[in-house]
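Data first, discussion second: the structure below is written as structure tokens.
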Amino acid sequence: MRTIRVAVIAGDGIGPDVLAEGIKIMNTVAELDGGFYFEFTHFPWGCEYYLEHGEMMPADALDILKQFDAIYLGAVGYPGVPDHISLRELLLVIRKGFDEYVNVRPVKLLKGAPCPLAGVKREDIDMVVIRENSEGEYSGEGCWENKGTPEEYVHQTGVFTRKGCERIIRYAFELGRKEGKRVTSVSKGNALNYSMVFWDQIFHEVAEEYPDVETSEYLVDAAACHFVRDPGRFQVVVTSNLFGDILTDLGAAIAGGMGLAAGANLNPERTFPSMFEPIHGSAPDIAGTGAANPMASIWSASQLLDFFGYEKYGALLISAIEDVLVEGKTLSPELGGSAKTWEVGDAVCEKVQARMTEM
Ligand code: NAD
Ligand code: IPM
Ligand code: MN
0 MRTIRVAVIA GDGIGPDVLA EGIKIMNTVA ELDGGFYFEF THFPWGCEYY
50 LEHGEMMPAD ALDILKQFDA IYLGAVGYPG VPDHISLREL LLVIRKGFDE
100 YVNVRPVKLL KGAPCPLAGV KREDIDMVVI RENSEGEYSG EGCWENKGTP
150 EEYVHQTGVF TRKGCERIIR YAFELGRKEG KRVTSVSKGN ALNYSMVFWD
200 QIFHEVAEEY PDVETSEYLV DAAACHFVRD PGRFQVVVTS NLFGDILTDL
250 GAAIAGGMGL AAGANLNPER TFPSMFEPIH GSAPDIAGTG AANPMASIWS
300 ASQLLDFFGY EKYGALLISA IEDVLVEGKT LSPELGGSAK TWEVGDAVCE
350 KVQARMTEM
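Residue numbers for the sequence shown, in numbering that gives the first Met the number 0: 0 to 358.
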């Protein structure tokens, strides 16, 4: 029987709670299918680990993780450990170290999910943001000079390579071609005279290779406005690391909330494991209360199933989430209900079972 070996980094705050539900559902799918099996291995890395060991994960963490088929991550970061340490020394190390240069973040308003926008049709919020995930504004390069003096200054360097820009833009075009969708580039060439002028140029070059794919382009500020006023104009969006980060939280806000936003960090060549995670953080404000919505982490489990060739189950998981949303009986507080994280997980699991036995 096929075994899919998954490294689990539940992390901090609500991370462990929401991941437990995704794992429950992946196990249910595999059991009912009968043809494959998930082997989950848990790693206790994160802020608590840091406080005990002085590092977010061991020095050989990537060597350990490399032996797995995939990584399933909850959330990292907690008060008590500076965010630039907790995230730069775990999450970003994995994304970069495993060359997970594609961050696929669907922004789709599911049936039954609430939308704060007036006058927008459900089907108008249906896009996928392809976020560059390995370089750009997140290069980590820079300096802090004359620290503590009046002449103090910092440089935070964005690094945009031809290879890095071409491959992410090409990924978006391949997706656009496959799905017959328009590809929209979001950049900021009017102010960022090196990085975004370069990005725009490469977008135009790659676009020429795909004359069959319709394109559009927006400056990121205007794009933010259109996300709210007219999201229907976006189908496949390709953008830089930081812009993608910000736009996808905005995307979450228009598509049901942080509890419904998932992301896949893909190494498309499969040289290294890809990583699947909800896009939200550790939510210290609700940690330990059972109020976290696990639907985003279940959605990222659906992306994992897609990645391993089980697209029919990936789609089934989304339908099961929709069943629970439409029924409206078992919703977390974020969505106006009072159900606990595990109750929402159980409800989705039941819908998965019902749909799979009907198949
Ligand atoms: P956050 O995403 O943790 O929380 C933002 C808001 O959304 C909070 O009000 C929170 O309660 C709510 N929320 C988030 N997920 C939810 C869920 N599943 N169900 C219901 N409500 C949910 O962002 P933040 O507060 O800016 O960051 C908290 C910590 O998480 C920081 O340390 C940050 O660096 C880290 N972070 C980690 C990741 C990651 O590991 N992938 C992502 C984002 C932020
Ligand atoms: C995300 C997060 C991370 C990012 C942080 C925690 C470093 O906000 O996955 O969206 O900015 O990529
Ligand atoms: Mn983010």
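Yeah, the Cβ is synthetic: ideal placement off N, Cα and C, and Gly gets one too.
Under the three-state DSSP convention, the category residue i falls into
i    : result
C348 : helix
L50  : helix
M274 : strand
D59  : coil
I70  : strand
T247 : helix
L241 : helix
M397 : In the structure as shown, the chain starts at 0 and stops at 358, and residue 397 therefore has no counterpart that could be examined.
T340 : helix
L191 : coil
A291 : coil
V205 : helix
I285 : coil
V196 : helix
E131 : strand
Range covered by the alpha helix (DSSP H) that runs through residue i
i    : result
W298 : M294 to F306
H140 : In the sequence on display, residue 140 carries Glu and not His. Taken as a continuous stretch (DSSP letters only), E140 belongs to no alpha helix (DSSP H), being part of the beta strand (DSSP E) at G135 to E144.
R391 : Examination of residue 391 is not possible in this model, given that the chain is present from 0 through 358 alone.
L91  : L91 to G96
E310 : E310 to E326
R104 : Note, R104: premise wrong, no alpha helix (DSSP H); beta strand (DSSP E) at V101 to K107.
D229 : Run containing D229: none; DSSP gives neither H nor E here.
L31  : G14 to D32
S85  : D82 to S85
Rounded distance between the beta-carbons of residue j and residue i, thought under 8 Å
i    : j    : result
L315 : V351 : 7 Å
I320 : I297 : 6 Å
T183 : V235 : 7 Å
A69  : S301 : About 13 Å; that fails the 8 Å criterion.
E20  : P283 : The pair is not a contact, with the Cβ atoms about 19 Å apart (cut-off 8 Å).
L249 : F226 : 5 Å
I24  : V347 : 6 Å
Y137 : L90  : In fact, because the Cβ distance is near 11 Å, the residues do not count as touching under 8 Å.
A60  : W44  : 7 Å
E333 : G258 : 5 Å
Enclosing beta strand (DSSP E) for residue i [first to last residue]
i    : result
H41  : F35 to F42
V158 : Y152 to V158
C10  : Sequence inspection shows Gly at residue 10; the Cys mentioned does not correspond to that position. Here the beta strand (DSSP E) through G10 covers R1 to G10.
I124 : Element bounds for I124: n/a, residue is neither H nor E.
L363 : There is simply no residue 363 to check, as the chain begins at 0 and stops at 358 in what is shown.
L361 : Because the chain here runs from 0 to 358, residue 361 falls outside it and cannot be looked at.
V182 : V182 to S186
Min CB distance residue i to chain D below 9 Å
i   : result
Q66 : The chain labelled as chain D is not found in the depicted structure, where only one protein chain is given.
Subject >> Any heavy atom of the ligand MN within less than 7 Å of residue CB: hits in chain order >> reply: Selection around the ligand MN by beta-carbon proximity, strictly under 7 Å to any non-hydrogen atom, yields D244, T247, D248 and I278 in chain order.
**OP:** Give a yes or no on contact between the segment 331-340 and the segment 279-292, applying the rule of three or more CB pairs nearer than 8 Å.
**Re:** yes
Original post:
Got a list of residues with beta-carbon closer than 5 Å to any non-hydrogen atom of the ligand NAD, in chain order?
Top reply: A74, V75, G76, D82, M257, G258, H279, G280, S281, A282, D284, I285, A291, N292 and E333
Original post:
If you pair each beta-carbon of the segment 211-230 with each one of the segment 171-178, do three or more pairs fall below 8 Å?
Top reply: With a cut-off of 8 Å, the segment 171-178 and the segment 211-230 count as touching, because enough Cβ pairs lie within range.
Subject >> Cβ contact (3+ pairs, closer than 8 Å) linking the segment 302-315 and the segment 73-81 >> reply: no
Original post:
Are there three or more Cβ pairs, one per stretch, closer than 8 Å when the segment 123-131 is compared with the segment 246-257?
Top reply: yes
Subject >> Meets three-Cβ-pair contact criterion under 8 Å: the segment 239-252 and the segment 30-39 >> reply: no
Subject >> Cβ contact check for the segment 94-101 and the segment 258-276: 3 or more pairs under 8 Å >> reply: yes
Subject >> Cβ contact (3+ pairs, closer than 8 Å) linking the segment 3-12 and the segment 54-69 >> reply: yes
Subject >> Contact the segment 190-206 vs the segment 161-169: 3+ CB pairs below 8 Å >> reply: In this structure the segment 190-206 touches the segment 161-169; the number of beta carbon pairs closer than 8 Å is three or more.
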